[in-house]
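K.L.:
Please see the structure below; I have some questions.
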Amino acid sequence: MSTFTNTYSNDDNYFSNLGRATRAFLGALLASKPYSELAQKEVIASNAASNEEQRYVRPSKRDIALLNSEAARYEHLMPNLASELRFLASRG
Numbered sequence: 211m212s213t214f215t216n217t218y219s220n221d222d223n224y225f226s227n228l229g230r231a232t233r234a235f236l237g238a239l240l241a242s243k244p245y246s247e248l249a250q251k252e253v254i255a256s257n258a259a260s261n262e263e264q265r266y267v268r269p270s271k272r273d274i275a276l277l278n279s280e281a282a283r284y285e286h287l288m289p290n291l292a293s294e295l296r297f298l299a300s301r302g
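So for the sequence shown, this note's numbering puts the first residue at 211; every next one is plus one.
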């Protein structure tokens, strides 16, 4: 059976600084908000959505033309992106 021990020291060398930075980065990366805060935000968002009617606004011809011009601009670099932009323009 093996055990892992972690000793902390007050030495300010490269590896201790690297370890502290790594722990801080992982702590920030994996941090999550408490459930109660998330639940409150969901309730506020659902109340705001129910109070307002969500209406679909048809895109203008200018917006559709802008998407088509962007598609032409990216045709040679990223053909998949160009086809997606054309598809979005056709949905208007």
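Beta carbons: idealized from backbone N, C-alpha and C, even for Gly.
1. For Arg268, which three-state DSSP category applies?
2. For the candidate residues Leu298, Val267, Ser270, Arg233, whose alpha-carbon lies nearest to that of Ala281?
3. Can the beta-carbon of Ala292 be found closer than 8 Å to that of Glu285?
4. Determine, using beta carbons only, whether Ser293 comes closer than 8 Å to chain B.
5. Alpha carbon to alpha carbon, what distance is there between Ala241 and Asn227?
6. Hey, would you say Arg205 sits closer than 8 Å to Asn278, going by beta carbons?
7. Considering just the uninterrupted stretch of the alpha helix (DSSP H) at Glu294, what are its terminal residues?
P.N.:
Let me lay it out:
1. In the structure shown, Arg268 sits in coil (DSSP, three-state: anything other than H, G, I, E or B).
2. For Ala281, the nearest C-alpha among the options comes from Leu298.
3. At the C-beta level, Ala292 and Glu285 come within 8 Å of one another.
4. The structure shown has no chain B; it contains just one protein chain.
5. Rounded to whole angstroms, the gap between the alpha carbons of Asn227 and Ala241 is 21 Å.
6. Because the chain in this structure spans residues 211 to 302, residue 205 falls outside the shown range and cannot be described.
7. Residue range 289-300 is occupied by the alpha helix (DSSP H) that includes Glu294.
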